[in-house]
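Under the numbering used here, the first residue of the sequence shown carries the number 5, and numbering increases by one thereafter. Where a beta carbon is used, it is the ideal one built from N, C-alpha and C, also for glycine. For reference, the structure is listed below as structure tokens.
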Amino acid sequence: AAGSFAVSSTDQYSMRDPTTQYPQPPFEEQPQQAPGLARDMRPRPDHGEDSYVGFGRLKGRKALITGGDSGIGRAVAIAFAREGADLVLNYLPEEEPDAREVLELVQASGVKAHALPGDITSEAFCKQLVQQAVQQLGGLDILVNVAGKQTYQESILDLSTEQFDATFKTNVYALFWLCKAAIPHLPRGATIINTASIQAYDQSPILGDYAPTKSAIVGFTKVLAKQLAKQGIRVNAVAP
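As structure tokens, then:
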């Protein structure tokens, strides 16, 4: 009965003042060497660990999530697991401490979760990642491309070819390789979710390589959505 349903102070149903709900800046200086770890941030980021409540809306689904150790990828993993999906999480090997926390969180939801660390700037690894995900999960019906690289430079004169190439390889090439490898395994009703950004539409002057990758992701998503619609596969981009 509704009257007997108890909620905790961290429950998503509790009424809270959004102006005081979260930690307020200023925050202490805490630089990390890239890619960095969420566990070392102060305050710790909130990915829904204590607040997200699932309703079984993805029960039986099989999802591959890149960048699943922290940030948006971690939040997606927690939400998907609590909605009932089995998961494969990809992340860089040096992000293993964060990834272990995520695996414990999602496995506590009673779903299967597998870790497949590796660098998606390698086309060979992207193909291997999809194949292993299909084997581990017994199929694949959700691909979530979250992993990304962002490093600001004040001037294009300070933006090296190496950084430009690494950003495009991580944000655009990997997405292309992963989608191409996954599509033959996706049944009707499957979905691909890409991560774009406000940077695709309202670019910051310090993100001369990152912003164009997000514009490319929007364009690629629209092309792929039109290609795959007749196969019953949805392709969408989320633009935080």
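Asked                                                                                                                                                                                   : Found
Just the C-alpha distance for Leu41 and Lys63, rounded to the nearest angstrom, thanks.                                                                                                 : 30 Å
Assign Gly142 to buried or exposed, taking buried as 16 or more other Cβ atoms, counted over all protein chains shown, within 10 Å of its Cβ.                                           : exposed
Compare the C-alpha of Gly152 against each of Gln28, Leu228, Gly223 and Thr125 and name the closest.                                                                                    : Thr125
Return the chain-ordered list of same chain residues with a C-beta closer than 8 Å to the C-beta of Tyr26, the five sequence neighbours on each side being excluded.                    : Asp50
To the nearest angstrom, how far is the alpha carbon of Asp102 from that of Ala81?                                                                                                      : 13 Å
Starting from Ala137, follow the alpha helix (DSSP H) in both directions and report where the run begins and ends.                                                                      : Glu127 to Leu141
Suppose contacts are defined by Cβ-Cβ distances below 8 Å. Is Val239 in contact with Ile196 by that definition?                                                                         : yes
Would you kindly report the start and end of the unbroken alpha helix (DSSP H) that includes Arg248?                                                                                    : Absent from the model: residue 248. The displayed extent of the chain is 5 to 244, so no value can be given.
Check Met19 in the structure and name its three-state DSSP category.                                                                                                                    : coil
Rounded to a whole number of angstroms, what is the C-alpha to C-alpha distance between Gly236 and Val138?                                                                              : 19 Å
Could you give the DSSP three-state label for Ile197: helix, strand or coil?                                                                                                            : strand
List the DSSP bridge partners of Asp252.                                                                                                                                                : Because residue 252 is not part of the residues shown, which for the chain are 5 to 244, the question remains open.
Tell me whether the stretch 173 to 188 and the stretch 103 to 119 touch, counting them as touching only if at least three CB pairs, one residue from each stretch, are closer than 8 Å. : no
Please list the terminal residues of the continuous alpha helix (DSSP H) segment that includes Leu41.                                                                                   : No alpha helix (DSSP H) holds Leu41; DSSP gives it neither H nor E.
Less than 7 Å between C-beta atoms, sequence neighbours within five positions excluded: which residues of the same chain meet that for Glu158?                                          : Ile210
State the beta-bridge partners of Ala119 as determined by DSSP.                                                                                                                         : Leu93
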